[in-house]
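**Student:** Numbering (the working numbering), first residue to last: 273 to 378.
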Ligand code: FES
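1. Quick one: grab the DSSP three-state call for residue 282.
2. Cβ atoms of residue 277 and residue 371: under 9 Å apart, would you say?
3. Chain B beta carbons: is any one of them nearer than 9 Å to that of residue 373?
4. Would you identify the three-state DSSP class for residue 324, choosing helix, strand or coil?
5. By the DSSP assignment, the beta strand (DSSP E) with residue 300 in it spans what residues?
6. Specify whether the region 287–299 and the region 315–326 touch according to this definition: at least 3 beta carbon pairs, one from each stretch, less than 8 Å apart.
7. If distances are taken between C-alpha atoms only, which option among 279, 304, 352 comes closest to residue 293?
8. Which residue's Cα is closest to the Cα of residue 313: 367, 368, 363?
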């Protein structure tokens, strides 16, 4: 994966999410309970608020405004009111840095 360095590993605690901007794209980077790192578009498809301000739960992130939970691996909303998925980006952690490729979903 040829992503860009987006965040230091120690800036992303387990069960939290951080918003970053990569080439004008707003990205939500989240770390799930198992330690895995995921990246999705940060803008909720329902009300255009930051998903990174929501809560990481299992392998999803819950929008803080109306509660739609988006699967961090597929981007699909698992509950209403959102019905459009968010984009998923390739994310990788190596040598203490998290890399995200906004041009790739793998
Ligand atoms: S703004 Fe995210 S669910 Fe409504």
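For glycine and all other residues, C-beta sits at the position ideal for the given N, C-alpha and C.
**Tutor:** Per the coordinate set shown:
1. helix
2. yes
3. Although the question refers to chain B, the structure presented lacks it and comprises just one protein chain.
4. helix
5. 297–303
6. yes
7. 279
8. 363
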